[in-house]
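Asker: Residue numbers (the working numbering), protein chains in the order written: chain A, 1013 to 1506; chain B, 469 to 947. Structure in structure tokens, see below.
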Amino acid sequence: MRQKGGKEMNITELTVHELQEKLKNKELTITDITKAYVDRIKEKENDVQAFITLLTEKAIEQAKDIQNRVEKGEIKGELAGIPIGIKDNMCTKGVKTTCGSKMLENFVAPYDATVVEKINDENMIDLGKLNMDEFAMGSSTEYSYFKKTKNPWNLNKVPGGSSGGSAAAVAAEIVPWALGSDTGGSIRQPSSFCGVVGLKPTYGLVSRYGLVAYASSLDQIGPITKDVKDAAILLNIIAGHDEKDTTSTDIPKVDYTKALKNDVKGLKIGIPKEFFGEGINEEVKVSIQKAIEKYKELGAEIEEFSLDIIQDVLASYYIIASAEASSNLGRFDGIRYTYRTPEFKNLKEIYKKSRSEAFGTEVKRRIILGTYVLSSGYYDAYYKKAQQVRTLVMNQFNKAFEKYDVILTPTSPTVAFNIGEKSNNPLEMYLADICTVSVNVAGLPGISIPCGVNQEGMPIGMQLIGNKFCEETILNAAYTFEQAIKFRENYKPE
Amino acid sequence: MSREDYEIVIGLEVHAELSTNTKIFCSCPTKFGAEPNTQTCPICMAMPGTLPVLNEKVVEYAVKAGLATNCEISRDSKNDRKNYFYPDLPKAYQISQFDKPLCENGYIEIDTENGKKKIGLTRIHIEEDAGKLNHDEFGGGSLVDLNRAGVPLIEIVSEPDIRSSEETEKYLRKLKSILEYIEVSDCKMQEGSLRADVNVSVRKKGDTKLGTRTEMKNMNSFRSITRAIEYEVDRQIDVIKDGGKIEQETLRWDEVSGKTFPMRDKEDAQDYRYFPDPDLVAIKLSEEYIQNIKESLPELPESRKQRYLEDYRLSEKDANLITSSKYLSDLFEEAIQVCNNPKAVNNWIISDISRILNETEMEPVEIPFDAKQLGKLVILIDKGTISSSIGKKVLTELFENPRNPEEIIKEKGWIQISDEGAIKEVVLKILEENPQSIADYKGGKDKALGFLVGQAMKETKGKANPQMLNKMFLEELNK
């Protein structure tokens, strides 16, 4: 494929809004795009290991069909024929949904998740289901039953997690964009590790119907993209009230791309000092400091403040998330669609052996923790207290948003760590979520965008937190910064 | 010490299936008796990723039940998860209500020998039913049928205010009739849409502390509940008399042996780990909503009973029986509309109809004929078209193959003979055949008249008009 000027065009380097432009100008066809991605997957997937299920063959057929229908004028839609990758915890009718677990190795959902329906309604092309930590529990994607996804910036490093497959696939340009899910940082942290953009929407903005639940009161689906504009485009598609999910909020539809004003003059940004203390890597601190300086240059007003409840958030998060998980994962019992132990003497053994054999260590750890904190005699000391902390967290954020439009923090205390470095040390792994969990606990929107690289060349992520349903504010703040530093033009994985 | 020295304390947890068209958290139908797993969807089968959406009708029905039983209605309620593993519970948790039920602090009044008695209701909450396991139809295993999974239930928890098996039955019948009147449950016990967990304990009379209780689960007939309570009370008293201690445990009543057996080991003592269901939002009810339901409540049995006592002069006992079932009560009122003879309709219901229901163990709602047919039957007797003994035969016919009573008597040739000539013929024939009876009568034995009338009825297969027969025999005998 050659561009008009004669310079070679690398399709998979383009963002989705760039692809849309080229489709509109007839510089590209839908089949060109899908073929380019299928070729790129052939070239890169062996190294990156981002997919659990690949749908490349079907994708090419689909692309031809959609191309045809677009030419005949049967379908319109600005995203028709754009490929996408979907995290393997969102149900897809007729295609396996494994959640990265042996338990659901052969589970084929009889229905589509609401977000998948929306993707299909746009005639987008699903390239496959992306790897993840088992049941979204983990921060490195090393807890997947199937494979370890590598960080495209350095194949010895983890991509982060749990949406590691989604973030790595976008960074490796084997999908133009992807859907992830975020319970305690599972979109933002891997996006930070892989140098891409990841948005966790406000709890209730995107329907959870068809997302295999980890922690129902925290889970939220969101986009992982090459740039902020793509994140806004994909959010336009997936956001909205769903009568199948009573926790989804009925608010007027917004065009998020219209929020991208490339202007932060007068924007009030709060910097919570607790996010810059012990445990935060020096290089990360320096990079975030530079970002803050950049925002000052761009005309934003910066102020430091205290969000001291943050010290208790991680404990509260792990109690609430594990409690809900222990109940949510009860249905994987060896009776219906799950793995069942081959030999058993009675019902109790079906339960015990199936669950012992098919759940991984981290999942078991959280089920046990969750079961413990909900048991009678301990409920008040743990679960109830954690909920009280949750209310305090919300209150502190509410207070902060009386003063600030955006709260700025690092996304993760470190850059991507080595494969195997933390997988046997759960507590250290939990600390990787320290910057992100409070956003889920408070139900707020948060976006991670790359703000620099460390000496090793690994990307560093910055997190912008907004008030409830203020996605427009953080998208604009992120976009303005992105336009100023042009990260993608300056840095790329090998 | 004998049984009389002990006081029996009973509390009930009654589960009633609500008669909504669809399930509590999805739109599957709730009809009873469909082919296994045909009334299911990804939600009630607990497929990964599915979410519940609360059926508003369920809240409405539960609030109706609460208002009809004098409960306070909570303005701010929620759903909780009750976690346990069993193959008929596909999510491994039941969505129920724990600490904030929809209705609290109500009562129901029953009639006892010592007058009216209030049985307190601790609470009424909404929850989902589980599926069913079919153990016997499949070699070497069990089959799960999830048609019932997600059918809405209310659980009505009483205070330990009940003191005997008779009071238990009265309480249950009253509760059942209330639920039928407000049309929130069809209360078909044999289909399991009304079932009770019975908690029984005993204590020495005068003790204020409750004894240790045992619980008998899922009882669904009045007869077994009565038998089970009697058995369990005796068993507990025997244990105490022998110096033993009652274990708090769940029991299974075995109908065949007439005994109770422990259901689970103690080591399996369940910790249900209740917590608020994060998939569902709080249930907030406005004053207006509750007021609207209050105003829409139909007339309740107690008020109908008062009306029957005053308007129709029924006895307390008859009025109780008829109002015990909404179906009987409706049948009574509608049949009166047809025949305008409350006394007669009352008699049919409390005697012959009740007897047949008892003999066939049929619920009133299963009565195959309608009020119009019953009313017609009364008219036919009132007009003298048939005798009341033929009437009984017509009723039997109505139970077997319900149709218009006029058709029945035509078809069967049961129309009463009221033709004077025809009756006279029979009278003369019987007198001729029974000279001895004539002599007896003339000798002062009045009984002989009855015998002669009986013979004439026999001769006419019950079709002769009895009043005319009587009159004509007297005329002939006194000639």
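From the three backbone atoms N, C-alpha and C, an ideal C-beta is built for every residue, glycine too.
Determine the contact status of Leu-753/B and Ala-536/B, defining contact as a CB-CB distance below 8 Å.
Answerer: no
Asker: Using a cut-off of 8 Å between C-beta atoms, extract the partners of Glu-1255/A located in chain B.
Answerer: Within chain B, Val-521 have C-beta atoms less than 8 Å from the C-beta of Glu-1255/A, given in sequence order.
Asker: Per DSSP, which one or two residues make a beta bridge with Ala-530/B?
Answerer: DSSP lists no partner for Ala-530/B.
Asker: Applying a beta-carbon distance threshold of less than 8 Å, which residues of chain B neighbour Cys-1463/A?
Answerer: Going along chain B, no residue has its Cβ under 8 Å from Cys-1463/A, so there is no contact; the nearest lies around 34 Å.
Asker: Would you identify the three-state DSSP class for Asn-815/B, choosing helix, strand or coil?
Answerer: helix
Asker: Scan the stretch 542-555 of chain B for residues whose Cβ lies nearer than 9 Å to a Cβ of chain A and list them as they occur along the chain.
Answerer: Arg-549, Asn-551, Tyr-552, Phe-553, Tyr-554 and Pro-555
Asker: Pick helix, strand or coil for Asp-706/B, following the three-state DSSP scheme.
Answerer: Looking at Asp-706/B - three-state DSSP - the assignment turns out to be helix.
Asker: Can you tell me whether DSSP reads Pro-1505/A as helix, strand or coil?
Answerer: If DSSP states are grouped into helix, strand and coil, Pro-1505/A belongs with coil.
Asker: State the CB to CB distance for the pair Leu-1139/A and Leu-1067/A, rounded to an integer number of angstroms; the pair is presumed to be in contact (CB under 8 Å).
Answerer: 6 Å between Cβ atoms; contact.
Asker: Using beta carbons (cut-off 8 Å, strictly below), is Tyr-1049/A in contact with chain B?
Answerer: Taking a beta-carbon distance threshold of 8 Å, Tyr-1049/A does not count as an interface residue toward chain B.
Asker: Mind checking if Asp-747/B is an interface residue toward chain A, Cβ cutoff 8 Å exclusive?
Answerer: At least one CB atom of chain A sits nearer than 8 Å to the CB of Asp-747/B.
Asker: Give me the DSSP bridge partner(s) of Leu-1142/A.
Answerer: Phe-1063/A and Lys-1099/A
Asker: What are the partner residues of Tyr-740/B, as DSSP defines its beta bridges?
Answerer: Under DSSP, no beta-bridge partner is assigned to Tyr-740/B.
Asker: With a 10 Å radius around its C-beta and 16 neighbouring C-beta atoms as the bar for buried, classify Gly-726/B as buried or exposed.
Answerer: Residue environment analysis places Gly-726/B among the exposed positions, since fewer than 16 neighbouring C-beta atoms fall within 10 angstroms of its C-beta.
Asker: In chain E, which residues lie less than 7 Å from Ala-1062/A when you measure between Cβ atoms?
Answerer: Structure shown: chain E not included; protein chains present are A and B.
Asker: Decide yes or no for the touch test of the stretch 1486-1499 of chain A against the stretch 1307-1317 of chain A: beta carbon pairs closer than 8 Å, at least 3 of them.
Answerer: Of all C-beta pairs linking the stretch 1486-1499 of chain A to the stretch 1307-1317 of chain A, three or more are shorter than 8 Å, placing the two stretches in contact.
Asker: By the DSSP assignment, the alpha helix (DSSP H) with Asp-1242/A in it spans what residues?
Answerer: 1240-1250
Asker: Would you identify the three-state DSSP class for Gln-1015/A, choosing helix, strand or coil?
Answerer: Legend: pLDDT at Gln-1015/A = 45, less than 50; position of this residue unreliable, no value from coordinates given.
Asker: In the DSSP assignment, find the unbroken alpha helix (DSSP H) run with Thr-680/B in it and report its ends.
Answerer: Premise fails: Thr-680/B is in no alpha helix (DSSP H) and is neither H nor E.
Asker: Have a look at the DSSP bridge pairing and note the partners of Gly-1478/A.
Answerer: Val-1418/A
Asker: Pull up the CB-CB distance for Ser-1203/A and Gly-1478/A, whole angstroms please, since I reckon it's below 8 Å.
Answerer: Going by Cβ atoms, the distance from Ser-1203/A to Gly-1478/A rounds to 16 Å, so no, they are not a contact pair.
Asker: In chain B, what lies closer than 9 Å to Thr-1258/A by C-beta?
Answerer: Leu-519, Pro-520, Val-521, Leu-522, Asp-747, Leu-748 and Val-749
Asker: From what residue to what residue does the beta strand (DSSP E) around Asp-1324/A run?
Answerer: Taken as a continuous stretch (DSSP letters only), Asp-1324/A belongs to no beta strand (DSSP E), being part of the alpha helix (DSSP H) at 1322-1340.
Asker: Please decide whether Pro-558/B counts as near chain A, where near means a Cβ-Cβ distance under 8 Å.
Answerer: yes
Asker: Compare the Cα-Cα distances from Pro-620/B to each of Met-940/B, Leu-519/B and Gly-599/B and report the closest residue.
Answerer: Gly-599/B
Asker: Would you list, in chain order, the members of the stretch 1404-1438 of chain A that have their beta-carbon closer than 8 Å to a beta-carbon of chain B?
Answerer: none
Asker: Can you tell me which residues form a DSSP beta bridge with Ser-1368/A?
Answerer: Partner(s): none; Ser-1368/A has no beta bridge.
Asker: At the level of alpha carbons, what is the spacing between Ala-1125/A and Cys-1463/A?
Answerer: 33 Å
Asker: Which residues, in chain order, does the stretch 1373-1390 of chain A contribute to contact with chain B at a C-beta distance below 8 Å?
Answerer: Answer set for the stretch 1373-1390 of chain A: Thr-1383, Leu-1386, Ser-1387 and Ser-1388.
Asker: For Gly-889/B, which of helix, strand or coil comes out of DSSP?
Answerer: helix
Asker: Nearest CA to the CA of Lys-1070/A: which residue from Pro-1095/A, Asp-1445/A, Asp-1133/A and Met-1021/A?
Answerer: Taking the Cα of Lys-1070/A as reference, the smallest distance to any Cα among Pro-1095/A, Asp-1445/A, Asp-1133/A and Met-1021/A is reached at Pro-1095/A.
Asker: So which residues on chain B does Phe-1119/A lean against when the C-beta distance must stay under 8 Å?
Answerer: Pro-516
Asker: Among the candidates Pro-520/B, Leu-945/B and Val-833/B, whose CA atom is the shortest distance from the CA of Gly-1222/A?
Answerer: Pro-520/B
Asker: So the candidates are Leu-1456/A, Lys-1498/A and Asn-1466/A; which of them puts its Cα closest to the Cα of Leu-954/A?
Answerer: Outside the shown range of chain A (1013 to 1506) lies residue 954/A, about which nothing can therefore be said.
Asker: Give the secondary structure of Asn-489/B by DSSP, where H, G and I count as helix, E and B as strand, and everything else as coil.
Answerer: coil
Asker: For the pair the stretch 1189-1202 of chain A and the stretch 1231-1241 of chain A, tell me if three or more CB-CB distances fall below 8 Å.
Answerer: yes
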